[in-house]
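Letter by letter, the sequence shown follows residues 1 to 270 in the UniProt record's numbering. From the three backbone atoms N, C-alpha and C, an ideal C-beta is built for every residue, glycine too.
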Amino acid sequence: MARISPLTVLGVALVGGLWLAERARPLRRQTHSTAARQARNLALGAGTMLVVTAIEMPLLTRLAKGNVRARRGLVQVLPLPRPLQIVLGVAAMDYAFYWWHIATHKVPFLWRFHRVHHIDPDMDMTTALRFHAVDMLVSLPFRVAQVVLSGADVRILMAHRRFFDASVLFHHSNLALPGRWDENLSLILTTPKMHGVHHSKVWDEMNSNWTSGLSLWDRLHRTLRSKPQARIEIGVADAASLADLSLGNSLTAPFRATPAPLPPGAVSLR
Ligand SMILES: [Zn+2]
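As structure tokens, then:
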């Protein structure tokens with residue numbers, strides 16, 4: 001029988017705990033049917049996971065092995081002790097993703113796919129899975145550059161993957177942390193309140209809080225914003241966003257004319 005690793009057990013326990021916690025302590029009031037929304041998000045997530053497992057990770061693992069063989073990329077050329085190499089490698093990959101996330105909003109072709117994630121009218125853990133499968137293929141050139149430039153080996157690649165996945169599930173969750181935990185945690189990490197602002201329909205708010213891991217990058221580039229969650233309307237302010245929410249329309253939306261999110265000075269939602 002296959003052995004189940006302690007990390008897998010920990011991962012399942014954390015996901016289960018977070019799933020229960022966001023129900024017990026909701027951060028934002030949900031505005032749409034949760035069951036239907038979650039079913040759609042899980043279905044989209046299944047397609048995404050298929051592409052990541054079958055194509056993305058095997059390719060990136062080969063590249064990571066090649067980084068070590070060719071002494072290629074940032075952490076491979078710096079003479080650092082191993083623990084520092086891992087921390088720097090994960091941080092470099094995280095910083096690269098900050099810029100990629102900005103590109104997915106600013107480049108119209110990339111926004112077509114990223115919009116599928118943003119049109120979710122409520123946010124919870126399942127929103128973290130709501131990505132178009134083709135989005136994973138479109139982002140492959142970035143993923144390749146991310147691994148080659150950072151010089152990640154397989155250990156760093158996997159450490160970043162676990163950090164990224166845990167962070168993405170956590171900051172999309174609808175969990176109200178007790179007291180000032182959210183504010184304090186956001187000094188280092190991306191929190192549900194931080195990322196809630198990024199999912200706002202308001203242009204300036206959506207164009208902030210880009211990081212998916214360390215909050216340092218938004219602090220560094222002064223792109224960090226906060227706002228009381230009760231005043232945030234989650235979703236995308238374009239005329240087709242609710243119509244594109246169904247599973248079928250979510251899958252075809254990137255291949256149709258995609259409305260842009262409201263630019264500054266826009267007077268109409270159309
Ligand atoms: Zn985004």
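Looking at C-alpha atoms only, which residue of ALA133, THR223 and ARG82 is the closest neighbour of THR190?
Nearest option by C-alpha distance: THR223.
Which one or two residues does DSSP pair with PRO26 in a beta bridge?
Here PRO26 is bridged, per DSSP, to LEU175.
When a residue counts only if its C-beta is closer than 6 Å to some heavy atom of ligand 1, which residues count, in chain order?
Listed by chain position, these are HIS101, HIS105, HIS114, HIS118 and HIS198.
Would DSSP call LEU214 helix, strand or coil?
In this structure, LEU214 counts as strand in the three-state DSSP scheme.
Using the three-state DSSP reduction, which class does LEU20 fall into: helix, strand or coil?
Of the three classes helix, strand and coil, the one that applies to LEU20 here is helix, per DSSP.
First through last residue of the alpha helix (DSSP H) which encompasses LYS193
Per DSSP, LYS193 is one residue of the alpha helix (DSSP H) stretching across 192-198.
So, at 7 Å on beta carbons, what are the nonlocal neighbours of ILE86 in its own chain, with the 5 sequence-adjacent residues on each side left out?
Contacts found: ARG155, ILE156 and ALA159.
Please state whether DSSP places ILE55 in a helix, a strand or coil.
Helix at ILE55.
With H, G and I counted as helix, E and B as strand and the rest as coil, what does DSSP make of ILE86?
ILE86 falls in the helix class under three-state DSSP.
LEU224 - DSSP class collapsed to helix/strand/coil:
DSSP places LEU224 in coil when its eight states are reduced to three.
Using 8 Å for Cβ pairs, my map puts VAL116 next to PHE97. What's the rounded Cβ distance?
Wrong, their Cβ atoms sit about 18 Å apart, outside the cutoff.
Mind checking which residues open and close the alpha helix (DSSP H) that includes HIS32?
In the DSSP assignment, HIS32 falls outside any alpha helix (DSSP H) and carries neither an H nor an E.
Starting from PHE255 and walking both ways along the alpha helix (DSSP H), at which residues does that stretch end?
Taken as a continuous stretch (DSSP letters only), PHE255 belongs to no alpha helix (DSSP H), as it is neither H nor E.
For a test of the three-state rule: what should DSSP assign to ILE156, helix, strand or coil?
Annotated three-state conformation of ILE156 is helix, per DSSP.
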